[in-house]
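Heads up: the structure comes next, in structure tokens.
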Amino acid sequence: MTDPNAQKRKQQLDYLVLKHKGQPVGDGYIDIIVSRDNYAAFVEDLTTNKFAIVAVSWWCHCTPENKTRFGCPHGYGGPKSIYFDGWFSERSHDFDEVVKDRQKDEDEAEFVKRVNDTAMDIIENKRTVPYADGTIH
Numbered sequence: 000m001t002d003p004n005a006q007k008r009k010q011q012l013d014y015l016v017l018k019h020k021g022q023p024v025g026d027g028y029i030d031i032i033v034s035r036d037n038y039a040a041f042v043e044d045l046t047t048n049k050f051a052i053v054a055v056s057w058w059c060h061c062t063p064e065n066k067t068r069f070g071c072p073h074g075y076g077g078p079k080s081i082y083f084d085g086w087f088s089e090r091s092h093d094f095d096e097v098v099k100d101r102q103k104d105e106d107e108a109e110f111v112k113r114v115n116d117t118a119m120d121i122i123e124n125k126r127t128v129p130y131a132d133g134t135i136h
């Protein structure tokens, strides 16, 4: 028998992914690609709905313009975008873990907010490095 609460939570997450033009990679929610224009509102909605971010992985949005500007693609392959022109290429070496241990006196909402604030800090302060061959990593 299916847990009705789990089904409701899945529907909430599916709605938020759709609302913010997120693109899950493969089956499930291991990676959800969200554009730079949409990530802040997406994280805010995840926090409001008590979905904690476990980690942040990094993807290149491969378009002819980004190939010229940044040397895309970088790393692994990835899916064609369902919302934008081009496709995504997963950065092979970039993965930032976010999840922290829940404190004894911390309720679920406080925990999710703290974890997701950490994710926002990671996203907003990530720096790329240009290599000698002109690619950006």
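First residue of the sequence shown: 0, per numbering that gives the first Met the number 0; consecutive thereafter.
Cβ coordinates follow ideal geometry from the N, Cα and C atoms, glycine included.
Practice problem: Count the other C-beta atoms from every protein chain shown that fall within 10 angstroms of the C-beta of N48, then say buried if there are 16 or more, exposed otherwise. | Solution: exposed
Exercise. Please determine if the segment 109 to 118 and the segment 39 to 53 are in contact, where contact requires at least 3 C-beta pairs separated by less than 8 angstroms.
Key: yes
Quiz item: With respect to the beta strand (DSSP E) encompassing V55, which residues constitute its N-terminal and C-terminal limits?
Solution: A54 to C61
Self-check item: Nearest-angstrom Cα separation, counted from G74 out to F50
Solution: 28 angstroms
Exercise. Indicate whether S56 and E89 have their beta-carbon atoms separated by less than 8 angstroms.
Key: yes
Quiz item: With distances taken between CB atoms, is the gap from L12 to Y38 smaller than 8 angstroms?
Solution: no
Quiz prompt | Per-residue burial, V98 [other beta carbons within 10 Å of its own, 16 or more giving buried] | solution = exposed
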